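Chemist:
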Amino acid sequence: MQAAAQSSHAGVAPAVREFVGKRRHQMLIDGKWVDAASGKTFATVDPATEEPLAQIPSGDKEDIDRAVRAARRAFEAGPWKQMTPSQRGRALWKLADLIEARTEEFAQLETLDNGKPLSVARVADIPLVVDHFRYYAGWATKVEGETIPVSVPGMLTYTLREPVGVVGQIIPWNFPLLMAAWKLGAALACGNTVVLKPAEQTPLSALRLGELLDEAGIPPGVVNIVTGFGETAGAALSTHPEVDKVAFTGSGEVGKEVMRAAAGTLKRVSLELGGKSPNIVFSDADLDQAAEGAAAAIYFNHGQCCCAGSRLFIEQKAYDKVMPRLVEYSQNIKLGPGMDPETQMGPLVSSEQFDRVNSFLASGKKSGAKVATGGGRPQQFTKGYFVAPTVFTDVKPDMSIVRDEIFGPVVCAIPFKDPEEVIKAGNETTYGLAAAVWTKDIQKAHRIAQGLKAGTVWINCYNAFDAAAPFGGYKQSGFGREMGKAALELYTQIKTVWVNVGTSA
Ligand code: NAI
Ligand code: MG
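In terms of the working numbering, the numbers along the sequence shown are unbroken and rise by one, the last being 505.
Here's what the structure looks like:
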């Protein structure tokens, strides 16, 4: 790896060096590693150095078509169909074991490709991936139908819960392997076959995952991985007539496009889109915990989280106590390349995201908001997509920085007077992905949780996740729930079987 030889990549494991650098990257279709039909490639870039890491095949319509046909064959006729639920469960469990044994390798791939600190990828991304596959391994044997006590004499009526078929999964770059796991776990547990399209910014960990499928016992064609851009590979997947369902995580704008494209053949659609999540701190909270929690809520993964706590509502009485702590916390975060063990916050994922976040910073300043701390790339960096943790104050509800998803380490602090006011203000958004409330008053906490229109509400915590706990959006944050038992709904359909058993014995 050329780039790995550079100083910011000290500590890259030999296996990672070899995977990223020496191998000619190909995509996985029908169990075979292949180039794009066009022969085209694109570079994935290290956001800490802005240098290319590797050349990746640029999949397009023809590649998607091959992958979908392979997934169709595997679904209708392949060994996958003959495998018992128990065998499917064991394959998912084995996949989890194989990933777990390579935790360091996968963590380094995520850090190089996405920019996140290695320390975070090691303890958050990869363990959550492993746990996710184990959780759905357990579900493979528990996808049950029901018997229905119908009122038609002589009838035995039952339901079967069957897989949907060929599933297209389009995922983003913020948690590359974890988003792949969220999509693959439930789909495979339920017996579907998949064409996965990783984000063009971060394809490496999904390709490495693809190398483990065979050893896990997942037959060829069951998971196909087509790398490429959204407008080409992604669009081809969401329009392909042989795809039964599309699952998408990403921007609202593309979510709408995916839905329109899926309408052509009435594919099932599930969408996990963005957010502008309210994080509400009352004066009766443990204010040290709440201030630190508020920082973690926005700065985790550099704010590149769909559930980032980007609107921080602070009760007026506590505003002057919380703000200095938040500002101090923000200023003490150590920015640097993800591979540096000292780093607490890495660069944003790409030049596009860097420009996007900077244009929000400019818009905030222009519209009259005050910058309490941060506000751009710190001066010590001349390269890399670094943005300092930023707190805006004196904001107004109609400002773009308050209304739109920034997807960077930028939070708007907003004072409020009472619970009713903050529920109303919290819900004043087109999004509804997540929310949090910090208070020691148990009644108030639950009342606020009931009042907020969001798919997840955290009380005295933020960013708590578990494979067993459903996650997804209200309003324009999307629909369908990933994780937990709820995700089985996305990947199964119900068949009702009527049996005439007669009325006499
Ligand atoms: P995006 O929505 O364009 O990309 C997400 C995925 O969709 C990628 O795999 C991309 O290749 C694919 N895609 C793009 N256009 C497509 C199309 N026409 N048809 C099918 N697939 C398509 O997100 P992008 O451009 O990377 O980021 C823009 C903003 O989106 C971010 O600033 C953030 O606000 C939001 N976002 C939200 C995420 C979430 O977790 N909900 C994740 C990533 C981005
Ligand atoms: Mg885009």
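For each residue, glycine too, the CB sits at the ideal point set by N, CA and C.
As the structure is a computational prediction, the values presented were derived from the model and not from experiment.
So, for His302: in the same chain, excluding its five sequence neighbours on each side, which residues have a beta-carbon less than 7 Å away from its beta-carbon?
Modeler: Met345, Gly346, Leu348, Gly408 and Pro409
Chemist: Do you know how far the Cα of Phe354 is from the Cα of Ala291?
Modeler: 26 Å
Chemist: For Ser283, name the three-state secondary structure that DSSP assigns.
Modeler: coil
Chemist: How many whole angstroms separate the CB atoms of Gly473 and Glu272, which I take to be in contact at a CB cut-off of 8 Å?
Modeler: 7 Å
Chemist: Give the C-beta separation of Val395 and Val387 to the nearest angstrom, bearing in mind that I take them to be a contact with Cβ-Cβ under 8 Å.
Modeler: Actually they are not in contact, since the Cβ atoms of Val395 and Val387 sit about 18 Å apart, beyond 8 Å.
Chemist: Answer with buried or exposed for Ser7, where buried requires no fewer than 16 other C-beta atoms within 10 angstroms of its C-beta.
Modeler: Only weak support exists for where Ser7 lies, its pLDDT of 43 falling under 50; the coordinates are left without a value.
Chemist: Met1 by DSSP, collapsed to three states: which one?
Modeler: Because the pLDDT of Met1 is 44, which lies under 50, any placement of that residue in the model is unreliable, and the question is left without a value.
Chemist: So, helix, strand or coil for Trp182, using DSSP?
Modeler: helix
Chemist: Distance check for Pro220 and Glu105, CA to CA, integer angstroms please.
Modeler: C-alpha separation (whole angstroms): 24 Å.
Chemist: Does the beta-carbon of Val357, which I'm using as the reference point, lie nearer than 7 Å to any heavy atom of the ligand MG?
Modeler: no
Chemist: Which class does Gly478 belong to by DSSP, given the choice of helix, strand or coil?
Modeler: strand
Chemist: What residue range is occupied by the uninterrupted alpha helix (DSSP H) comprising Met323?
Modeler: Gln316 to Asn332
Chemist: Where does Tyr491 fall in DSSP's three states?
Modeler: helix
Chemist: Taking the alpha carbon of Leu361 as the point to measure from, which residue in Gln331, Tyr385, Pro324 and Ile406 has its own alpha carbon closest?
Modeler: Ile406
Chemist: Would you mind listing the beta strand (DSSP E) stretches within the stretch 346-416 that are 3+ residues and don't spill past its ends, in chain order?
Modeler: 370-373, 390-393 and 410-416
Chemist: Please state whether DSSP places Ser86 in a helix, a strand or coil.
Modeler: helix
Chemist: Residues in its own chain within less than 6 Å of Thr147 by CB, not counting five upstream and five downstream?
Modeler: Tyr158
Chemist: I'd like to confirm something about Ser238: is its beta-carbon nearer than 7 Å to some heavy atom of the ligand MG, or not?
Modeler: no
Chemist: May I ask you to report which of helix, strand or coil DSSP gives Gln483?
Modeler: In the sequence under discussion, the amino acid at residue 483 is Met, which differs from the Gln named in the question. In the structure shown, Met483 sits in coil (DSSP, three-state: anything other than H, G, I, E or B).
Chemist: Are three or more beta carbon pairs between the stretch 185-199 and the stretch 254-262 nearer than 8 Å?
Modeler: By the Cβ criterion, the stretch 185-199 is not in contact with the stretch 254-262, since fewer than three pairs of Cβ atoms, one from each stretch, lie closer than 8 Å.
Chemist: Please specify which runs of the alpha helix (DSSP H), each continuous and at least 4 residues long, are wholly inside the stretch 54-117, giving them in chain order.
Modeler: 61-76, 79-82, 85-100 and 103-114
Chemist: In chain order, what residues of the same chain have a beta carbon less than 7 Å from the beta carbon of Asn427, not counting five sequence neighbours either side?
Modeler: For Asn427, where only same-chain residues beyond five positions count, the Cβ hits under 7 Å are Leu452 and Lys453.
Chemist: So, with DSSP's three-state summary, where would you put Lys32?
Modeler: strand
Chemist: Rounded to the nearest angstrom, how far is the Cβ of Met27 from that of Val322, given a contact under 8 Å?
Modeler: No, Met27 and Val322 are not in contact; Cβ-Cβ is about 48 Å, not under 8 Å.
Chemist: Whole angstroms are fine: how far does the CA of Ala425 sit from the CA of Ala305?
Modeler: One detail in the question is off: residue 305 reads as Cys in this sequence, not Ala. So the alpha carbons of these two residues sit roughly 21 Å apart.
Chemist: So, helix, strand or coil for Ser205, using DSSP?
Modeler: Three-state DSSP puts Ser205 in a helix.
Chemist: With distance defined between alpha-carbon atoms, name the residue in Asn114, Phe465, Phe313 and Arg24 nearest to Trp438.
Modeler: Phe313
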